[in-house]
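Engineer: Numbering (my numbering), first residue to last: 0 to 174.
Note that the Cβ used here is the ideal one computed from N, Cα and C, for glycine as well.
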């Protein structure tokens with residue numbers, strides 16, 4: 000029982016990390032205004048995070064990763080008896096490693112948007128310094144959001160594919 004629970008929590012860490020980084024993506028492109036309902040949590044989340052998490056869950060089932068999870072869970076009971084109590088220290092090491100890998104994976108997913116936010120804010124700041132009487136920041140907001148959504152439009156399939164491959168790699172390798 001504890002083995003299945005630890006596998007479930009570790010797999011859920013990937014979705015938490017994706018939700019966190021998708022919120023960062025939404026803030027980076029200036030589209031984090033109105034929060035919506037969350038898929039995996041009771042806290043409200045941005046529409047971009049909702050889109051990412053919902054797409055990742057759909058990819059999880061569409062690519063049969065749920066069957067890989069069930070097969071891995073059944074195989075774990077062949078190796079270790081259900082009454083076995085895992086070593087808490089080893090479980091914490093596994094949690095730490097998965098947290099590190101999940102957040103590194105999702106940080107690499109969010110990296111283009113963080114770079115976009117840094118570059119666009121530097122550019123807007125320079126233009127604002129050159130024209131101090133015009134509120135450039137407020138005028139530029141629709142263009143920043145449009146550029147971010149344009150970037151998201153082209154990158155979201157590859158980013159979700161990358162996330163799905165990383166999750167599949169972890170499921171095949173195991174904790």
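To the nearest angstrom, report how far apart residue 6 and residue 140 are at their CA atoms.
Structural biologist: Approximately 43 Å between the Cα atoms of the pair.
Engineer: In the DSSP output, what is residue 157 paired with across the bridge?
Structural biologist: Residue 157 pairs with nothing; no bridge assigned.
Engineer: Where does residue 29 fall in DSSP's three states?
Structural biologist: Coil at residue 29, not helix or strand.
Engineer: When the distance is taken between beta carbons, is residue 109 closer than 8 Å to residue 20?
Structural biologist: A contact, by the Cβ cut-off of 8 Å.
Engineer: Cutting at 8 Å between CB atoms, please list the residues of its own chain near residue 14, excluding the five before and the five after it.
Structural biologist: Closer than 8 Å at the Cβ level, and outside the excluded window around residue 14, lie 39, 52, 55 and 56.
Engineer: May I ask you to check if the CB of residue 124 is nearer than 7 Å to at least one heavy atom of the ligand SAH?
Structural biologist: Inclusion of the ligand SAH in the displayed structure is not the case, the ligand content being empty and no account of it being possible.
Engineer: Using 8 Å for Cβ pairs, my map puts residue 111 next to residue 164. What's the rounded Cβ distance?
Structural biologist: 17 Å between Cβ atoms; not a contact.
Engineer: Buried or exposed for residue 88, please, with buried defined as at least 16 other CB atoms from any protein chain shown within 10 angstroms of its CB.
Structural biologist: With fewer than 16 Cβ atoms within 10 Å of its Cβ, residue 88 is classed as exposed.
Engineer: To the nearest angstrom, how far is it from the Cα of residue 50 to the Cα of residue 116?
Structural biologist: For residue 50 and residue 116, the distance between alpha carbons rounds to 20 Å.
Engineer: Can you tell me whether residue 166 is buried or exposed, with buried defined as 16 or more other CB within 10 angstroms of its CB?
Structural biologist: Classification of residue 166: buried, given that the 10 Å Cβ count is 16 or more.
Engineer: Name the DSSP bridge partner or partners of residue 35?
Structural biologist: Beta-bridge pairing links residue 35 to 44.
Engineer: Assign residue 86 to one of three DSSP states: helix, strand, or coil.
Structural biologist: DSSP places residue 86 in coil when its eight states are reduced to three.
Engineer: Quick one: Cα of residue 24 to Cα of residue 90, how far?
Structural biologist: Taking the straight line joining both Cα atoms gives about 31 Å.
Engineer: Return the CA-CA distance between residue 102 and residue 12, expressed in angstroms with no decimal places.
Structural biologist: So the alpha carbons of these two residues sit roughly 9 Å apart.
Engineer: Between which two residues does the alpha helix (DSSP H) harbouring residue 63 extend?
Structural biologist: Segment: none, residue 63 is in no alpha helix (DSSP H) and carries neither H nor E.
Engineer: So what does DSSP say about residue 8, is it helix, strand or coil?
Structural biologist: In this structure, residue 8 counts as helix in the three-state DSSP scheme.
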